[in-house]
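Using the numbering used here, read the sequence shown as starting at 4 and increasing by one per residue.
We treat Cβ as the ideally placed atom computed from N, Cα and C, and that holds for glycine.
Data block below; observations after.
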Amino acid sequence: MVIKVNEVENVYVLPFIVEYQAKKQAQALGKNWVDLLRDANDDAIGLLGNRQIQEKLAASNAQKILRRQVLAALPKKSDALKQSKIEFDLDSPWTDELNSLIQAVDSTDHEQIVTRYSIRDTEYIKKIAQGLKFLNTDTYRDAVLTSLRQDDELRAELTEFLGQPRTISSS
Numbered sequence: 004m005v006i007k008v009n010e011v012e013n014v015y016v017l018p019f020i021v022e023y024q025a026k027k028q029a030q031a032l033g034k035n036w037v038d039l040l041r042d043a044n045d046d047a048i049g050l051l052g053n054r055q056i057q058e059k060l061a062a063s064n065a066q067k068i069l070r071r072q073v074l075a076a077l078p079k080k081s082d083a084l085k086q087s088k089i090e091f092d093l094d095s096p097w098t099d100e101l102n103s104l105i106q107a108v109d110s111t112d113h114e115q116i117v118t119r120y121s122i123r124d125t126e127y128i129k130k131i132a133q134g135l136k137f138l139n140t141d142t143y144r145d146a147v148l149t150s151l152r153q154d155d156e157l158r159a160e161l162t163e164f165l166g167q168p169r170t171i172s173s174s
């Protein structure tokens, strides 16, 4: 199945989810939701301004891309039996991935970051949670899940964003 985020974990920080949580949290805390949202987004983008983190995320994406290219280029079972050697000639997508990430960070394009990059191994979600004044990441995740259970419109927006899942054929 293919979804429109790099990893399922990234759903927690889709821009419209974060905005929704900023509004809910601001209401609970008596704060301005725009300020909370700005703080959360600024903290998350600030984290991704780190060159080492950018290189790590680009490398992770490049590896996934190369893995898909290799799998797509593998011969069928019947052809594999006839070949004694299988060769691959692949260009590394790392530089393109790094440049795309840098551009997304520079333009504060949270949707591009969340849909394209594997932010799970960074503190991106933690920075969003802290910026929104949640006690910790788990509390933020729980709040998102509760919101999705309770708010039909938010759930519909997420369903629309993700679209109908497609099944990848195994041929």
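Check residue i in the structure and name its three-state DSSP category.
i, result
"Val117", "helix"
"Lys136", "coil"
"Ile48", "helix"
"Leu101", "helix"
"Ser95", "coil"
"Ile89", "coil"
"Ser110", "coil"
"Glu126", "coil"
Considering Cα atoms alone, identify which of the options is closest to residue i.
i, options, result
"Arg144", "Gly52, Leu104, Ile128", "Ile128"
"Tyr23", "Ala61, Leu151, Lys85", "Leu151"
"Arg41", "Ala146, Phe164, Leu69, Ile131", "Ile131"
"Arg197", "Thr162, Ile56, Leu69", "Because residue 197 is not part of the residues shown, which for the chain are 4 to 174, the question remains open."
"Leu104", "Glu90, Tyr120, Phe91", "Tyr120"
"Thr140", "Lys59, Val16, Ile48", "Val16"
"Leu93", "Ser87, Gln115, Ala65", "Ala65"
"Lys34", "Phe137, Val147, Leu148", "Phe137"
"Leu50", "Ile116, Ala146, Leu157", "Ile116"
At which residues does the alpha helix (DSSP H) containing residue i begin and terminate?
i, result
"Ile68", "54-76"
"Ile122", "Element bounds for Ile122: n/a, residue is neither H nor E."
"Val21", "18-32"
"Ser81", "80-85"
"Glu160", "155-165"
Compute the minimum distance between the beta carbon of residue i and the heavy atoms of the ligand FMN, and state whether it is under 6 angstroms.
i, result
"Ile48", "The ligand FMN is not among the ligands present in this structure, which contains no ligands whatsoever."
Q) Taking one C-beta from the stretch 104-113 and one from the stretch 76-85 each time, how about it: are there three or more such pairs within less than 8 angstroms? A) no
Q. Is there contact between the stretch 64-74 and the stretch 21-35, where contact requires at least three CB pairs shorter than 8 angstroms?
A. No, they do not touch.
Q: Count the C-beta pairs between the stretch 133-143 and the stretch 36-50 that are closer than 8 angstroms, then say yes if the count reaches three, no if not.
A: yes
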